[in-house]
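Listed in order, the protein sequences are those of chains P and D.
Residue 1 is where the first sequence starts when you use the UniProt record's numbering, and the numbers rise one by one after that.
Residue 1 is where the second sequence starts when you use the UniProt record's numbering, and the numbers rise one by one after that.
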Amino acid sequence: MTPKLTDLEKGQSIGHRTVELSRADLLRYAASSGDHNPIHWNDRFAKEVGLDGVIAHGMLTMGVSVELVTDWVGDPAKVMDYQTRFTQPVPVPDPDHGSPETPTARLEVAGKVGRVDAEANTARIDLTVELVAGDARSKVLTKAQVVVVLN
Amino acid sequence: MSINTAREGHTYPAITYQVGREGLREFARAVKAQHPAHFELEAAAELGYEDLIAPPTFGVVVSQRAEAAIIADPEVGIDFSRVVHADERFVHHRPITAGETLTAATTLQRIRTMGSGAMVTTVTEITHDDAPRTTVTSTLLVRTEEADA
Chain P
1 MTPKLTDLEK
11 GQSIGHRTVE
21 LSRADLLRYA
31 ASSGDHNPIH
41 WNDRFAKEVG
51 LDGVIAHGML
61 TMGVSVELVT
71 DWVGDPAKVM
81 DYQTRFTQPV
91 PVPDPDHGSP
101 ETPTARLEVA
111 GKVGRVDAEA
121 NTARIDLTVE
131 LVAGDARSKV
141 LTKAQVVVVL
151 N
Chain D
1 MSINTAREGH
11 TYPAITYQVG
21 REGLREFARA
31 VKAQHPAHFE
41 LEAAAELGYE
51 DLIAPPTFGV
61 VVSQRAEAAI
71 IADPEVGIDF
81 SRVVHADERF
91 VHHRPITAGE
101 TLTAATTLQR
111 IRTMGSGAMV
121 TTVTEITHDD
131 APRTTVTSTL
141 LVRTEEADA
């Protein structure tokens, strides 16, 4: 069911979800986006440019995070404006054994209503996107804001 | 090598991009987007679109091709191996739809030099038949060699 603007209040949660990333996910994103930068698939190269190893494309993190909002709003075309800053890389290590489809990074995505504009019929959803490793959580996106049109 | 700010305001030659259904589906799978309007014509039609629609960040596939002209411009002097993506913004005017032939032109909006390098902001206008689709604003942080010294 499509959310209604009049039912929304600033601070209200729209939900949360977990997104897991694997080396195979990075390969699929590289292939489908045309971003073949080797820091997203080659550990040796990533280390040579000062990283600890392969990291996810920032645009992959941005792309998977907005799904929480499009799912909530029920129509991807209602997303009018989506912006973020990239604050920290998301390392996606090669798993010790087994399939490269094995997820090795876990993101927690949560959204809440940041602003309701009744004149423009829009709501701004503020996303929190954290990399979770054991008990440690760190923000990988900041000012991740999605403006959706609602009736 | 330092960044040359003389090219601020310059608009680079436009590129074209043909949007295909399979390309949209593959991109949607890659970003784990599940809405059926990215995969099935009937679902897109229910929302009022004549063909599959793109996920909200698909514009980057087009804009990065147009932005490549700046990276390649020796007058600017960006070393791609020293680039970190700082921020990204998509403003959608109408969803990008399969079957469209898009035109994308990038303008080098601003170069802000800092102690550790430079922030390079680009704006790419994506259009179809002169009608706006998406405006993509991207900022790259470029580290300069002096910063490593």
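Backbone N, C-alpha and C define an ideal beta-carbon position, used for all residues, glycine too.
Item                                                                                                                 : Value
Per-residue DSSP class, three states only, for D:I3                                                                  : coil
Selection of the region 61-72 of chain P by Cβ proximity to chain D, strictly under 8 Å                              : M62, G63, V64, V66, E67, T70 and D71
Cβ-Cβ separation, D:I3 to D:T121 (assumed contact under 8 Å), whole Å                                                : So it is not a contact: roughly 12 Å between Cβ atoms.
Close Cβ partners of P:A24 (< 8 Å) along its chain, the five nearest in sequence each way excluded                   : S99, P100 and E101
Delimiting residues of the alpha helix (DSSP H) encompassing residue 198 of chain P                                  : The structure shown does not extend to residue 198 of chain P, since chain P is modelled only from 1 to 151, so the question has no answer here.
P:A144 versus D:H92 - alpha carbon distance                                                                          : 16 Å
Straight-line gap, D:R112 to D:M119 (C-alpha atoms, nearest Å)                                                       : 5 Å
Cβ-Cβ separation, D:R21 to D:A98 (assumed contact under 8 Å), whole Å                                                : 4 Å
Closest by C-alpha distance to D:G9, when choosing among D:A131, D:T124, D:D129 and D:H128                           : D:T124
Alpha helix (DSSP H) segments (min. 4 residues) lying fully within the UniProt domain "MaoC-like" (11-94) of chain P : 23-33, 43-48, 58-65 and 67-73
Beta-carbon proximity of P:L141 to P:T87, cut-off 9 Å                                                                : yes
Min CB distance D:Q64 to chain P below 9 Å                                                                           : yes
Helix, strand or coil at D:H10 according to DSSP, with G and I counted as helix                                      : coil
C-beta neighbour in chain D for P:T104, strict 9 Å                                                                   : no
Contact belief for P:P76 with D:P55 at Cβ below 8 Å, rounded distance in angstroms                                   : 6 Å
P:S138 classed as buried or exposed, judged by whether at least 16 other C-beta atoms fall within 10 angstroms       : exposed
Between the CA atoms of D:D51 and P:V73 - distance to the nearest angstrom                                           : 20 Å
Under 8 Å by beta carbon: chain D residues contacting P:M80                                                          : V91 and H92
Residue-level contact to chain P via CB, D:A149, 9 Å cutoff                                                          : Low confidence applies to D:A149: its pLDDT is 41, below 50, so where it sits in the model is not reliable, and the reading given next is rough at best. Taking Cβ atoms only, chain P never reaches closer than 9 Å to D:A149, which makes this a no.
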